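**Student:** When you line the sequence shown up against this note's numbering, it's residues 84 to 333, in that order.
Beta carbons: idealized from backbone N, C-alpha and C, even for Gly.
Everything numeric in this text was worked out from a predicted model, so none of it was measured.
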Amino acid sequence: MVHPTERESQFPILSLSKSYILQITFDDLRADSRSLYFQVEHCNADCSPSRLPTMDYLEGYTEDRISDMKPSENTRIPYTHYRFNFPNDNTQLKKAGNYLLKVYENANPSELLFTQRFYVVEDLATIDAELVPSSQSNKRLRNQKLNLAINTNFEIANPRFSLQIHALKNQRTDNFQILREPSQISSQKITYHLPQKLDFEGNNEFRTVDLRSVRNVSSQVRELNRDSSISAILEADRNISKENYIWKPD
Numbered sequence: 084m085v086h087p088t089e090r091e092s093q094f095p096i097l098s099l100s101k102s103y104i105l106q107i108t109f110d111d112l113r114a115d116s117r118s119l120y121f122q123v124e125h126c127n128a129d130c131s132p133s134r135l136p137t138m139d140y141l142e143g144y145t146e147d148r149i150s151d152m153k154p155s156e157n158t159r160i161p162y163t164h165y166r167f168n169f170p171n172d173n174t175q176l177k178k179a180g181n182y183l184l185k186v187y188e189n190a191n192p193s194e195l196l197f198t199q200r201f202y203v204v205e206d207l208a209t210i211d212a213e214l215v216p217s218s219q220s221n222k223r224l225r226n227q228k229l230n231l232a233i234n235t236n237f238e239i240a241n242p243r244f245s246l247q248i249h250a251l252k253n254q255r256t257d258n259f260q261i262l263r264e265p266s267q268i269s270s271q272k273i274t275y276h277l278p279q280k281l282d283f284e285g286n287n288e289f290r291t292v293d294l295r296s297v298r299n300v301s302s303q304v305r306e307l308n309r310d311s312s313i314s315a316i317l318e319a320d321r322n323i324s325k326e327n328y329i330w331k332p333d
């Protein structure tokens, strides 16, 4: 998990003007103690690596070792729990933008374990946002449309080329939408009220699966396998995308 400290449900965002810290936690099912390191990389708007020199966005170590680890106790499947915070005393960021966190073994980035995107913001503008029904008549009952207005205290030269708006639904990065063309531009306000842009399907709730017990097969579970590890095979759900909305609280 990667999230601001004490705010587990929030998006991984840091601010240059506020003392936010990200907490990164994960489990290694190999269970023994490993020599793990991490580094951060500055990225372009599309999350590809930028050509910005490390010294331009990073102050301190270019990589850091993860020293906070704890083995599991009395668990069926042994694991090692790792935890670290970023930024920390060894590494600080000094430029806003998109970043990629990399965790790897033995101080060797080619032995990569996982990556995670996070974002650093600089408070230069405010955003007014509103959710309205879709402007497309055939989608009005099942879609939600997002309208945006960016307010700045300065003029942005040629915002059609210098601005990109990335809109993420429910913190998902697999279906985000990009806006490059404003609907209206004034000296200190840029508006995005485009009829067929930022129009998202409402969808339904997440599917229900009860895995509180691994001794008995429960709701939506076809079978449980209890070998060296535990795995659950789920029942196939019917398609409910066209049905009425149903709220199922946790």
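Out of Ile104, Glu146 and Ser314, which one is the CA nearest neighbour of Tyr120?
**Tutor:** Glu146
**Student:** Please confirm whether Leu183 has its beta-carbon closer than 8 angstroms to some beta-carbon of chain D.
**Tutor:** You won't find chain D in this structure, because it holds only one protein chain.
**Student:** When you compare only the Cα positions, how much space is there between Ser155 and Arg321?
**Tutor:** 38 angstroms
**Student:** Let me know if Ser217 comes out buried or exposed under the rule of 16 or more other beta-carbons within 10 Å of its beta-carbon.
**Tutor:** buried
**Student:** Using a Cβ-Cβ cutoff of less than 8 angstroms, which residues in the same chain neighbour Asp257 once the five nearest sequence positions on both sides are dropped?
**Tutor:** none
**Student:** Alpha carbon to alpha carbon, what distance is there between Glu318 and Glu205?
**Tutor:** 46 angstroms
**Student:** Considering only their Cβ atoms, is the gap separating Thr198 from Leu184 smaller than 8 angstroms?
**Tutor:** yes
**Student:** Provide the residue span of the beta strand (DSSP E) that contains Ser314, from first to last.
**Tutor:** Ile313 to Leu317
**Student:** Between the alpha carbons of Ala212 and Asn234, how many angstroms are there, rounded?
**Tutor:** 11 angstroms
**Student:** Round the Cβ separation of Leu281 and Val297 to the nearest angstrom and send it over; I've been treating them as touching at under 8 angstroms.
**Tutor:** Between Val297 and Leu281 the Cβ distance is about 42 angstroms, and since that is not below 8 angstroms, they are no contact.
**Student:** Tell me which residue opens and which closes the alpha helix (DSSP H) that Tyr103 is part of.
**Tutor:** Neither: Tyr103 is in no alpha helix (DSSP H) and is coded neither H nor E.
**Student:** Could you tell me the alpha carbon to alpha carbon distance between Gln303 and Glu326, rounded to whole angstroms?
**Tutor:** 19 angstroms
**Student:** Apart from the five residues just before and just after Ala208, which ones in its own chain have a Cβ nearer than 7 angstroms to its Cβ?
**Tutor:** Ile233, Asn234 and Thr235
**Student:** Please classify His164 as buried or exposed, where buried requires at least 16 other C-beta atoms within 10 Å of its C-beta.
**Tutor:** Exposed, since its Cβ has fewer than 16 Cβ neighbours within 10 Å.
**Student:** Tell me which residue opens and which closes the beta strand (DSSP E) that Arg129 is part of.
**Tutor:** Looking at the sequence provided, one finds Asp at residue 129 rather than Arg. Run containing Asp129: none; DSSP gives neither H nor E here.
**Student:** Can you give the Cα-Cα distance for Gln267 and Asn286, rounded to whole angstroms?
**Tutor:** 30 angstroms
**Student:** Quick check: what's the CA-CA separation for Leu251 versus Leu224?
**Tutor:** 21 angstroms
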